[in-house]
Structure formats: structure tokens, C-alpha cells
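Student: Counting from 1, position 756 in the sequence shown corresponds to residue 914 in the working numbering; the numbering is continuous, with no gaps.
Don't be surprised by glycine CBs; every beta carbon is placed ideally from N, CA and C.
Being a predicted model, the structure only gives us computed values, none of them experimental.
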Amino acid sequence: MPKAMWIVPHTHWDREWYEPHDVFRARLVAMLDGLLTMLEREPAYKFTLDGQSAAIDDYLELRPEETERVKAAVARGQLALGPFQILLDEFCCDGETIVRNLEHGIRSARRLGGEMRVGYLPDMFGHAAQTPQILRGFGIADASLWRGAPASVDKHAFLWEALDGSSVRVEYLWDGYGSALKLFEPLEKLPELIDGYLNENASWFDGEAVAGWYGTDHMAPRSDLVQILRGYEGDVELTIGTVEEVVASRDHSPEALGALPRVRGELRSHARGNLLPGVFSIRTNLKAAMSAAERALTTAERLDAWLGGPSRTAFFERGWGLVIESTAHDSVTGCGVDSTADEVESRLKVAAQTADGAVDISLGALGAVAPVGAVAAFNQSGYRRPVQAELVVEGAPSSSALQVVEAMPTVIGDERLASRDLPKIIRRIHGQELFGKHIRSWNWDDDELEFVVADHTAGDFDLADFAAVLHDKMASSEPDHEFHVITRVPESSRVVVSGWADGISAVALGAETAVAPEAPVAVDGTTLDNSLVRTEVAADGTVTVTDLRNGTSIADALRLVDDGDRGDSYNFGPLEGSITDAKSVEVTVTERGPLRGRILIRRTFELPVGVDPDDRSKRLTEVAEQVVDTDLEIRADEPFVRVTVSLTNQVRDHRLRVLIPTLASGLDGSASAGQYGTTKRGRDAEGGWGEFPVPTFPATRWVSAGGVSALLDKLVEYEVVDGEEGRPDDLALTVLRSVGLMSVNVHPLRDEPAGSQLPAPGAQYLGRKVELSFAIDLDPEATVANADTFRFTPVVAKGLGGQRAEPEVGLRTEGVVALESLRRVPGGLEARFVNYSDQSAPLRVATEGAWVVTDLTGAVSSDPVDPFSLEVGPGQIVTLRRKS
């Protein structure tokens, strides 16, 4: 039996969950007030503050006068902070967000004395494949975690490898982060309890000192712990330590590390802890808001890097800070109460608005790219791609290079004014502007005044001359005499124009210079075709998609399946009987090319209104009509099909999925991209512990199976499901999962509650619009580039003409190594790339300047390299920097 034991006092502080953030913060302040006093009184006491700097930042925001006491505790080695800013859910955010999380957390901890050099991840619902590589990028060689490790790991440590082969040593919390919680109850039996703990766990430690984690959710430290251990009279050496001290005490020699079990890639086994995979499909509005905020910030940073000029970094730091706050594993996951979910969604919207503000103040510089009357489109993707924009042009143009979307109204103001009220007109004119447009001409014909206004000045309007005529009219008429005042715009149309953007760049798009696309869209009945890809809609609303270049085709795509759900925000709870047949189907062509073709498929289902409250094993017999719209879109020159499934939810307690056929049956698994890597998965998850391993998984950028890919713009839950007899397997994407409880006490697929059985009516989405956008891609060789094109919408600015400034940077990528981040850093630029394949590949970046390879902290690790030929290993993250 081991003769030494570490006691690790800590708290796991869910920043928001079954209470919103500031309710929990009030408890945090009280807890830390007491902790600081205790640390000063007991120099032997050590405390780990949950691996996240946010807890101490939240405290000091309300207790700034305690800053020096916190610094002193850190300096004495009694209080361990960071390295993360927030204990995130690694699957519910982008890889760059994980990088920024560590940046913010380390910076925050260093302001107070320094960060813990262990990636402490005690309660995440599984772990992403590239987390070891990201930790290594910050010089962190160790991690400590609980959930997700496979059953094959039967020791307290293992090596966790990322997709590029880089690894960290993991101090494994196989029994959770509260393993020693009952060690002191009853206190009079402490020697026997310690001996029992050591005997029970000795096999995990192979003679090394046993470690017991003493703490749990929102737990205040035991104030008499040091006195208890001093009074212990057994023969085991007991030491209070932080997580970092425990990890540092372990053997890190090459021989010891080489002898450890190795686990490669993501950790998503249920063997020794619940993964609670239903969090990926609940409250999809939060997943959409997270991705939208991340894309907005990514776009704003890339535009800022391209334009140069005044720094906008403060906007980005604020925006990323709000995003990072929202990644907490009980926040964006949506497994809290409604008030928490509402706060998270609001925070993410503010993050996106902060990025939009930074873009807004840059539109003037971007607009110089295009002449007046045209638009400038900034491509934030590193790939060469077709871009489209809408603008309003005068007349009703007819050209293969344009697509008229709608004729615009010609009357924008129509009123009758008494003579005495005519001065209102002068007050609403500002210089030459009326109703946001320029006055082109005006005419007063007896009792009718007509203005013609336009987006651009094409005449000389003199307000003084107009005012003189107006006052003459007033003087020559009775006060009650009525005048008809009408404001018109010239006949005009809203049109789509298109062009090509070459990587990080801007292109001018206008009606006068528009060029016909290489692959225009044609519509024939309910078929869309751009010579690259074709969709054919059947009468039942299913779709055949064909890649016209390689001949690949899938039939009966976009079927809908609705299932009852007796579960909660953590786990799907299946019920017997799926609903697949619509009551009615309507198919309508809404746009006919040549730049954009669209078809609306409207299906109406009769669905049970909810689960029977008296018998949750069945759905109610009462039904309601549920309309589900599916919008198909093919764009000129794009080789994939855009799809949006949307509904205003009318019923409770159900899951709606859309099916995409693959090219084969009996598939072994799938591959999905997210968090800076591509993860290959089997069809089944490893079970164990107290949770049935439902084989649903997360995907963020795309998911591929059997030669078919779904390109994504947010986190989506998916499953590979068996096709009906004689049919290929399907990719099932979850559109909606609607439940009304945070956690249920009795769940068909989980042995114990995941939290309190609290109402969460907002998670039912009743009366709320829900949508899922994705694209069907049948070209596996181009998935990386196509996914980037799909998820980014170019920034469009009104053309202003004038002097165009030279861009600060131009950059184009090709192949499987994608641009992930481009931003200004002190003294220069930083660009980050990821190889999404399992083979080495050249970087293939065309750009200018002397670039060097750095780690994730910016520390230089190479001489200048050639970004075009630099070899990037399988799954490798590469960061380059260039001086200004």
C-alpha cells in the first residue's frame, strides 16, 4: 500500500448553470473572502481555483481592494490560477477560441503573479482531439481531466496525443474531481478512511503517491483541513498541494513517459464518466450565436489586417472576451435554466456586434475599392472563390451577368400637407439629402410637389431656392389649403452581381462591369443546374443531388424524421415510433438564375403536441400541424448545394432530423471537422459507467461519411444511421431537439440525474423559429475549400471611389491546409493554418514578406520560411508571423 498521499483542495466553479452568472458570483465572492483569510492564517493550506482565471477576475471586479491579497497568495504558492480563462466545452467552440481562451487566461493570471502550468480540465463533456497540440503551443506539457478517457486506461496517468503526434501527460481523474470528498466523514475514523482510500486506489498509482481531489461544485474550502491533517496519527504521509504540485511531483523522465498508456485523438468514451452528448443538440440558437460571433470576429480581424491603418484591437479583445465567457461548459452547451441561456445568447450577440462595429468603421476604406454605384466585396476566406453581392441599380437591366431579384418601389414618400405645415418639408431636408437619398430634382405643379431622389447626386439642389418657392406657395394659399407631396426614386431593381475573389482580397462588383459567370444557374421545372451540380426535387419533397463533374449522385435526400423525446437538456430520451410522412408537400421555385437558383419545399406534418405528462414513455395522441420549410439554393460557379431547413416550432418534447444519403451501406464510421482538426469516428461510442452511449457526435465545419459531406456553419449533432433495406446509410443532422427540463430524475439512458430537475420551458422553442443551414458536397477532394466558402459571407461596402490605399497584406491558400486566423499583433501580422488531412501537405500560401514560424505565444522557432512550400504535417497547426 502506498505510504504517501496528496490532498488537493479545490472548488469546481460553474460560472453559470442552474442560476445565472451574477447569482453564482455572489456566492463566489463570499467563498473567496473566506478563502483569502484562511490562506493567510494557514500557510500550509493550498487551493486550486478550478483552472480558470475567470473566477478570480469575477471576484476582483467586485472586490478590487483585495487585489494585493490575491497576489500575495499566488506568490506564496497557496493559490493556483489559470491557465484557461474559462473552463470551456471544447466541442462547442472553434479551435481559435480555445487559443484565445488560453491567451486571455494566462494574461489574466500573470497580472496576479502567474498561471498554473497544467491544462486542468476537470468537468468538460469530453475533450477535442487537438487540445494537446494547443496546450503544447503554449508550452504546457501536462493536463488533468476526468471525462472521456477510454476503458483501456487503467492507471492514474497516460499520454494524450493530438492529431499531429504532439502529446501531453495527463493526470487522470478516473473517479471524478471529488474523489476524496468523503474522506473526512466521520472524522473520528480518519485513519481507517485513509487506509481504505489507499487500498482501493493503490492499483491505479503503481507505488506513486496517491492523490485525492477534495472539492466539488461551488464548494467552499474546509477551514479546519490543516488542523485535521496535523492531528492525523496514521502512518501515511499526507500533503496538501495544488494540482500543479501533484503533477510536478510525478516522474517526467523519457523512460517514465514512454511507459505510459497512449491515447490518440478525441476523448469521448463513456467508460468512467457521463459525456451527456445531448448538449450538442439542445438550444441550437446558442450554437448558432457562438459560431456567428466567432465568424464575425474572424472576419473583422482579417479585414483589419488587410486594411492596416488605425488599430481596432480593443474591439477584438472585448469581443473575444465575451465569446470566451460564453464557452463555459454549462453556458453555450445550453444545459442550464432559461435565464442562463438568455444571458449567454445576449452576450454572444454583443460579441458579434462588437466585431460588426469594427467592420463598420472600416467600410469607408473598403468602399474605395469600388466606384460609386458599385460595391466592394471583401473575401475573408483564404481560398479563391466566387462571391456574390446585391445592389440596387436604376432601370430594369437584362443581362446574363446580372440577376434581377425584385423591382424596387418607386414611391418612398406620399402625403398631403396643409399649407401651414409645408415648413415640415424644409426641416426634413439636410443639405441635399431627403429620406436618406440625394435630391436629384423637384417640381411644383399647382398643388402637387414632386421630389425625385436617388442614391447618388445627379443634379444641383439649392435649399434656399426651394425655400423661397415654398414660402411663396404658403403666402398665396389659405392655411388649410392642401398640397400633395410625393417623393419618388427612378425605376430601379435589386440585382445580384458576381465575381471572383483571390484569397484575402477585395473585388469591385457593379452592374456596368459585371461579367457573366462561368457556370450560370439554369432552372427547368423543379430542377436547378449550374453545370457543376444539379438538384431535382420530387413531388414528395425529397431531392436528388448530382455532381456533374464526377457523376456522383444521391437520391431521396432531405427526408425528415421526427421522434419523441422524453429526455432533458443533457441526454436524448427516445420513444417508440418515428414520423416521416408529411400531410402535404408544396414545391415552389423562388429564384430562376442565372446567378442564383432557389426552390422552396414546404412540408406539413401532424405531430403529437408533447410527451404524456402522466406516462412519459409515450407521446400524446393530440396533434398539431407543423410546417417545415426546406430552401434549396445553387449559386453560379459553386460546386455544392446550399440547404436551409427551418420551422416555427409548434410542439413539445421531440427531435427533428434531416437525412442525407451516403454512397454506401454498412459504413464503418464518419469523419468530422472542428476545433482545428478532422476526427475519424466509428459508428458506436464506448459505453460504461451509468450512461448509454448514444452514437451521436458533434461536427462544426463539416461531417463526411460514405463519400458525401455536409458543410456546416455551426456546431451540429449528427449520426450515421442505417438506410432502409436496399438503401445506403444516411447522415442524420439534428435540426431541433425540444425538451422542457434541465435534467430529469429518471432517464431511460442515464442512471442518475445530471443536475436538478428544474423547468426549462425555453428549451421547448414553442413559437420560436429554428433553422439549420448546411451544404451538400459530393467532391471529397475539395471539402476543405468548399467548407470555407460556405461558412464565410463576404463583407460588402458601398462603392465610394476615390483614392484606394494599398492593402497591408494579400494572402491566398489552396489545398487542404486552411487559413484559420489572420490578425495584427504588436510589431506585425500573425497567420495561423491547419492541415485538415491525415497526410503531410505543403502550405501553399501565396503572400509577400518574410514570415517565420512561431508557437502559439508568438515565440519564434525558425528562420524565415517559404509559405508556399513549407511542409505541414498531418493535423498540424502552424503559426507564422511577419514584421510590419
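Quick check for students: name the residue ranges of the beta strand (DSSP E) that lie wholly in the region 711 to 743, counting only runs of 3 or more.
Tutor: 711 to 715, 717 to 723, 732 to 737
Student: For the region 414 to 433 and the region 938 to 951, state whether three or more C-beta atom pairs, one from each stretch, are separated by less than 8 Å.
Tutor: no
Student: According to DSSP, is Y355 part of a helix, a strand, or is it coil?
Tutor: helix
Student: Straight-line CA distance for G676 to E796?
Tutor: For clarity, residue 676 is Glu in the given sequence; the question names Gly instead. Approximately 10 Å, taken between the alpha carbons.
Student: Mapping DSSP to helix, strand and coil, what is S407?
Tutor: coil
Student: Given a threshold of 16 other Cβ atoms within 10 Å of its Cβ, counted over all protein chains shown, does S901 qualify as buried or as exposed?
Tutor: buried
Student: Between L592 and R585, how many whole angstroms is the CB-CB distance? I'm expecting something under 8 Å.
Tutor: Actually they are not in contact, since the Cβ atoms of L592 and R585 sit about 11 Å apart, beyond 8 Å.
Student: How would you call S742, buried or exposed, if buried means at least 16 neighbouring beta carbons within 10 angstroms?
Tutor: exposed
Student: Can you have a look at H170 and say buried or exposed, based on whether 16 or more other CB atoms are within 10 angstroms of its CB?
Tutor: buried
Student: So, using beta-carbon positions, are N807 and V928 closer together than 8 Å?
Tutor: Yes, Cβ-Cβ distance for N807 and V928 is below 8 Å.
Student: For G960, is the classification buried or exposed, using 16 other Cβ atoms within 10 angstroms of its Cβ as the cut-off for buried?
Tutor: exposed
Student: Is it buried or exposed, H614, if we count other Cβ atoms within 10 angstroms and call 16 or more buried?
Tutor: exposed
Student: Identify which residue in P581, E552, S577 has its Cα closest to the Cα of P119.
Tutor: Residue 119 lies beyond the stretch modelled for the chain, which goes from 159 to 1042, so this question has no answer here.
Student: Using alpha carbons as the reference points, say which of R1002, G957, V967 lies closest to G973.
Tutor: R1002
Student: Could you work out which residue in E640, A794, G661, V701 is closest to V655 when comparing CA atoms only?
Tutor: With respect to the C-alpha of V655, the residue from E640, A794, G661, V701 having the closest C-alpha is A794.
Student: How big is the Cα-Cα spacing for S337 and V769?
Tutor: S337 and V769: Cα-Cα distance of roughly 37 Å.
Student: Curious, which full-length beta strand (DSSP E) runs of at least 3 residues does the region 535 to 577 contain?
Tutor: 542 to 552, 560 to 565, 569 to 576
Student: Report the partner residues of Y876 according to the DSSP bridge assignment.
Tutor: F855, L891
Student: Within the same chain, show all residues whose beta-carbon is closer than 6 Å to that of G617, passing over the 5 residues directly before and after it, in chain order.
Tutor: R598, S599
Student: Would you call the region 260 to 269 in contact with the region 236 to 243, where contact means no fewer than 3 C-beta pairs closer than 8 Å?
Tutor: With a cut-off of 8 Å, the region 236 to 243 and the region 260 to 269 count as touching, because enough Cβ pairs lie within range.
Student: Note down the Cα distance separating E319 from S979, rounded to an integer number of angstroms.
Tutor: 23 Å
Student: Identify which residue in G515, G589, E200, S211 has its Cα closest to the Cα of D172.
Tutor: S211
Student: Compute the Euclidean distance between the alpha carbons of Y541 and A989, then round it to the nearest angstrom.
Tutor: 14 Å
Student: Given a threshold of 16 other Cβ atoms within 10 Å of its Cβ, counted over all protein chains shown, does N359 qualify as buried or as exposed?
Tutor: buried
Student: Taking Cβ positions, are E606 and I644 nearer each other than 8 Å?
Tutor: yes
Student: If you follow the alpha helix (DSSP H) that L303 is part of, which residue opens it and which one closes it?
Tutor: Where L303 is concerned, there is no enclosing alpha helix (DSSP H), although the beta strand (DSSP E) it sits in stretches over 300 to 303.
Student: Rounded to whole angstroms, what is the Cα-Cα separation between S1020 and L930?
Tutor: Put simply, the backbone Cα of S1020 is about 43 Å away from that of L930.
Student: On the DSSP bridge assignment, give the partners of S896 in chain order.
Tutor: H812
Student: Measure the CB-CB distance between A513 and L455 and report whether it falls below 8 Å.
Tutor: Their beta carbons are under 8 Å apart, which means A513 touches L455 by this criterion.
Student: Alpha carbon to alpha carbon, how far is D462 from S449? Give it in angstroms, no decimals.
Tutor: Roughly 20 Å between the two C-alpha positions.
Student: What is the residue span of the beta strand (DSSP E) that G827 lies within?
Tutor: 827 to 832
Student: Alpha carbons only, please: which of A612, L969, S439 is nearest the one belonging to G661?
Tutor: L969
Student: To the nearest angstrom, how far is the alpha carbon of A1045 from that of W860?
Tutor: There is no way to answer for residue 1045, as the model of the chain reaches only from 159 to 1042.
Student: Mind checking whether S577 and A672 have CB atoms under 8 Å apart?
Tutor: No; because the gap between Cβ atoms is not below 8 Å, this pair is not in contact.
Student: Cα-Cα, which of E413, A414, R408, D333 is closest to T374?
Tutor: D333
Student: Ignoring anything shorter than 3 residues or poking outside the region 741 to 824, list the beta strand (DSSP E) runs there in chain order.
Tutor: If only complete runs of 3 or more residues are kept, the region 741 to 824 shows the beta strand (DSSP E) at 742 to 750, 754 to 766, 781 to 793, 799 to 806, 812 to 819, in order along the chain.
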